[in-house]
Structures are given as C-alpha cells and as structure tokens.
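Everything on this sheet refers to the single structure shown next.
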Amino acid sequence: MKKTMAPPPAQGGAAWLAGLLAGVLFFASLIGFAALRSDGYAHGRKAVSELGALGAPSAPAFNLLGFIVPGLLLAWFAYALLRVAERRTGRRC
Numbered sequence: 240m241k242k243t244m245a246p247p248p249a250q251g252g253a254a255w256l257a258g259l260l261a262g263v264l265f266f267a268s269l270i271g272f273a274a275l276r277s278d279g280y281a282h283g284r285k286a287v288s289e290l291g292a293l294g295a296p297s298a299p300a301f302n303l304l305g306f307i308v309p310g311l312l313l314a315w316f317a318y319a320l321l322r323v324a325e326r327r328t329g330r331r332c
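Residue numbers (the numbering used here): 240 to 332.
What follows is the structure in structure tokens.
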C-alpha cells in the first residue's frame with residue numbers, strides 16, 4: 240500500500256505558509272533592491288551579500304527584508320517540520 244503524505248496540521252498551518260513566504264520575500268527583496276541600485280549591480284556578476292554590505296544603498300532595509308525576516312520564517316518552518324517528523328515516527332528528534 241502506498242503511503243500518502245498527510246496535510247500539515249491545522250495548528251501548524253501558519254508555519255507552513257511562513258516557509259513559502261520566506262522564499263518569496265527573499266527573492267522579491269533580491270529583485271527589488273537590485274533594481275533600485277544605480278551602480279550597475281548585476282545578479283550574474285555580483286554576490287547577493289553586496290546588496291546588504293556596509294555603504295550599500297538601502298543596506299539596512301535589504302538585510303532586514305532579504306536576510307533576517309526570511310531567516311526567522313525559515314526557522315519557524317523548520318521547527319514545525321521537526322514536530323511533524325516527531326509525530327510520524329514517534330521519536331523525539
């Protein structure tokens with residue numbers, strides 16, 4: 240018999256959404272803040288971290304919206320995923 244994945248638990252629904260939102264927020268920040276740069280920033284030639292480097296225009300905003308908030312959202316998602324794994328296996332991870 241083939242096992243199917245159960246839907247995420249109702250109480251963890253917000254955490255599952257947070258996992259998706261983290262990726263969307265990161266890529267939206269990457270595209271948006273790169274477009275604001277007037278110094279020729281190019282995704283293929285420059286590192287993402289240059290958008291948040293000291294002295295970069297809008298660096299604090301990019302660091303917050305592109306790194307910190309998505310990181311916190313991913314941590315919340317990872318914790319919810321761990322809880323699901325513990326319930327399914329019956330073991331504490």
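For every residue, glycine included, the Cβ atom is placed at its ideal position computed from N, Cα and C.
| field | DSSP-derived helix/strand/coil call for S268 | value | The count along the sequence shown starts at 1 and reaches residue 268 at position 29. Three-state DSSP puts S268 in a helix.
| message | For a test of the three-state rule: what should DSSP assign to S288, helix, strand or coil? | response | As a position in the sequence shown, residue 288 is number 49, starting the count at 1. Looking at S288 - three-state DSSP - the assignment turns out to be helix.
| query | A274 to F266, Cα distance in whole Å? | reply | As a position in the sequence shown, residue 274 is number 35, starting the count at 1. As a position in the sequence shown, residue 266 is number 27, starting the count at 1. Taking the straight line joining both Cα atoms gives about 12 Å.
| query | Is L320 helix, strand or coil when you go by DSSP? | reply | The sequence position of residue 320 within the sequence shown is 81, counting from 1. Looking at L320 - three-state DSSP - the assignment turns out to be helix.
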